[in-house]
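Below is one structure, written out as structure tokens, with a few remarks after it.
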Amino acid sequence: MFDHFLVSVVIIPPLLVIAVRLVAEHLPPRIAASAVAWSAAGAALASLANLAVFALKAVAEIPPVGRVLGWSAQVVADDTAHEPWVSSLSVLLLAAATVSLVRTWRRQDRLLSIAGRSDEPVVLVPDPAAHAYAVPGRPGHVVVTTGMRDALSAEQFAALLAHEKAHLDARHHRLVRVSELASAAHPALWWVTRQVDYLVERAADECAATVVGSRRTVAEAIGIAALAATPRPAVGLHAAGGVVPRRVSNLLRPPGRRTAAILCALPVALAAFSLIWTGEAAYDLGELLHAAMVVR
Numbered sequence: 001m002f003d004h005f006l007v008s009v010v011i012i013p014p015l016l017v018i019a020v021r022l023v024a025e026h027l028p029p030r031i032a033a034s035a036v037a038w039s040a041a042g043a044a045l046a047s048l049a050n051l052a053v054f055a056l057k058a059v060a061e062i063p064p065v066g067r068v069l070g071w072s073a074q075v076v077a078d079d080t081a082h083e084p085w086v087s088s089l090s091v092l093l094l095a096a097a098t099v100s101l102v103r104t105w106r107r108q109d110r111l112l113s114i115a116g117r118s119d120e121p122v123v124l125v126p127d128p129a130a131h132a133y134a135v136p137g138r139p140g141h142v143v144v145t146t147g148m149r150d151a152l153s154a155e156q157f158a159a160l161l162a163h164e165k166a167h168l169d170a171r172h173h174r175l176v177r178v179s180e181l182a183s184a185a186h187p188a189l190w191w192v193t194r195q196v197d198y199l200v201e202r203a204a205d206e207c208a209a210t211v212v213g214s215r216r217t218v219a220e221a222i223g224i225a226a227l228a229a230t231p232r233p234a235v236g237l238h239a240a241g242g243v244v245p246r247r248v249s250n251l252l253r254p255p256g257r258r259t260a261a262i263l264c265a266l267p268v269a270l271a272a273f274s275l276i277w278t279g280e281a282a283y284d285l286g287e288l289l290h291a292a293m294v295v296r
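In terms of full-length UniProt numbering, the sequence shown opens at residue 1 and continues consecutively.
Written out as structure tokens, the structure reads:
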């Protein structure tokens with residue numbers, strides 16, 4: 001069974017990072033953000049499930065457990081005799097991942113709870129500090145300070161609002177949340193979370209450019225907002241996020257011909273393979289326990 005641990009826990013997550021690096025910039029940002037976020041979630045889920053399978057195997061290797069449940073603990077342990085540490089390590093990794101997931105989930109909920117709600121689609125806050133961000137919810141709303149509004153021209157301010165509204169309409173916060181949970185479950189996926197942050201900003205940029213009819217206006221709004229912005233509150237997505245020079249550079253170029261969206265199949269296929277391989281691990285554990293009962 002060790003090959004299942006090796007593939008889904010050790011190999012696939014960093015391989016997914018490489019795949020994302022290869023394909024993300026060649027896909028439309030909207031498609032890339034979804035593909036990357038959900039692929040990371042699939043790879044993280046497969047890793048967690050594999051750790052759970054090996055944690056169960058660790059329990060099954062305990063002689064008193066074998067005597068009570070009617071199988072040979074030695075036969076179960078012998079399956080990974082050349083890697084006797086893998087079951088114990090899986091227990092520790094599963095515990096660490098669970099703690100990390102719970103902490104991340106609670107932090108996300110806490111940030112959403114303090115964000116507040118508003119029936120107005122745009123909330124203008126009298127504050128000289130420059131802030132602009134989208135607050136998800138039902139309904140979501142955009143928070144903009146007078147400091148940010150005054151830093152922009154009317155056209156640039158319209159582009160800023162279009163960008164933030166695009167975040168709300170596409171529910172980008174869900175993709176960000178999914179990717180954050182994935183990286184909490186497996187540290188190798190941390191870079192993927194940052195890439196999702198960038199891709200949702202790029203997707204909102206492109207949507208805003210379509211709405212206002214000028215890529216240059218959106219690029220100018222992003223640049224000025226980034227220079228004017230004070231450190232943002234952590235409750236929402238906002239227009240100064242992501243890697244600003246890359247975003248501006250993309251907007252100042254004509255919309256290029258993107259590679260076929262079929263490229264998103266690469267990270268998706270890696271995640272799907274890892275999930276299927278994990279199912280095989282669970283099946284193998286069942287077969288191993290059955291064999292251990294027969295020889296007992």
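From the three backbone atoms N, C-alpha and C, an ideal C-beta is built for every residue, glycine too.
Since we're looking at a predicted model, the values are computed, not measured.
For residue i, does the three-state DSSP call read helix, strand or coil?
i, result
"Ala281", "helix"
"Ala96", "helix"
"Leu27", "coil"
"Ala188", "helix"
"Ala129", "coil"
"Ala134", "strand"
"residue 315", "Shown here, the chain extends from 1 to 296; a query on residue 315 therefore has no answer."
"Arg253", "coil"
"Asp119", "coil"
"Val235", "For Val235, the predicted model reports a pLDDT of 49, less than 50, meaning its position is unreliable and no value from the coordinates is stated."
Over what stretch of residues does the beta strand (DSSP E) that includes residue i continue unbroken?
i, result
"Val20", "From DSSP, Val20 is part of no beta strand (DSSP E) but of the alpha helix (DSSP H) over Ile12 to Val23."
"Val243", "Looking at the DSSP string, Val243 is not in any beta strand (DSSP E), and its letter there is neither H nor E."
In the DSSP output, what is residue i paired with across the bridge?
i, result
"Leu124", "Val144"
"Tyr198", "Bridge partners of Tyr198: none, in fact."
Over what stretch of residues does the alpha helix (DSSP H) that includes residue i continue unbroken?
i, result
"Ala228", "Arg215 to Ala228"
"Asp78", "Ala73 to Asp78"
"His82", "First-last for His82: undefined, no H or E at that position."
"Gly66", "Pro63 to Leu69"
"Leu263", "That residue, Leu263, is in no alpha helix (DSSP H); it is neither H nor E in DSSP."
"Asp169", "Ala154 to Ala170"
Return yes when the Cβ of residue j is within less than 8 Å of the Cβ of residue i, no when it is not.
i, j, result
"residue 300", "His163", "In the structure as shown, the chain starts at 1 and stops at 296, and residue 300 therefore has no counterpart that could be examined."
"Arg177", "Gln108", "yes"
"Val36", "Pro267", "yes"
"Ala203", "Pro29", "yes"
"His141", "Pro126", "no"
"Ala58", "Val91", "yes"
"Asp205", "Leu251", "yes"
"Asn50", "Thr278", "yes"
"Val53", "Ala281", "yes"
"Leu112", "Ala55", "no"
"Leu16", "Ser39", "yes"
"Ala151", "Ala96", "no"
"Leu199", "Ala24", "yes"
"Trp105", "Leu160", "no"
"Glu201", "Arg171", "no"
"Leu27", "Cys264", "yes"
"residue 334", "Val144", "For the chain, the structure presents residues 1 to 296; residue 334 sits outside this window and is missing."
"Pro136", "His186", "no"
At a cut-off of 7 Å, is residue i close to the ligand FAD when judged by its beta-carbon and the heavy atoms of the ligand?
i, result
"Ala185", "The ligand content of the structure shown is nil, which means the ligand FAD is not present either."
Count Cβ pairs between the region 31-48 and the region 263-271 that sit closer than 8 Å; are there 3 or more? yes
Check whether the region 15-31 touches the region 188-204, taking contact to mean three or more Cβ pairs, one atom from each stretch, closer than 8 Å. yes
Counting pairs of beta carbons, one from the region 66-86 and one from the region 151-168, are three or more of them closer than 8 Å? no
Are there three or more Cβ pairs, one per stretch, closer than 8 Å when the region 148-165 is compared with the region 212-228? yes
Does the count of Cβ pairs from the region 279-292 and the region 61-73 closer than 8 Å reach three? yes
Measuring CB atoms only, is the region 128-136 touching the region 97-108, in the sense that at least three cross pairs come out at less than 8 Å? no
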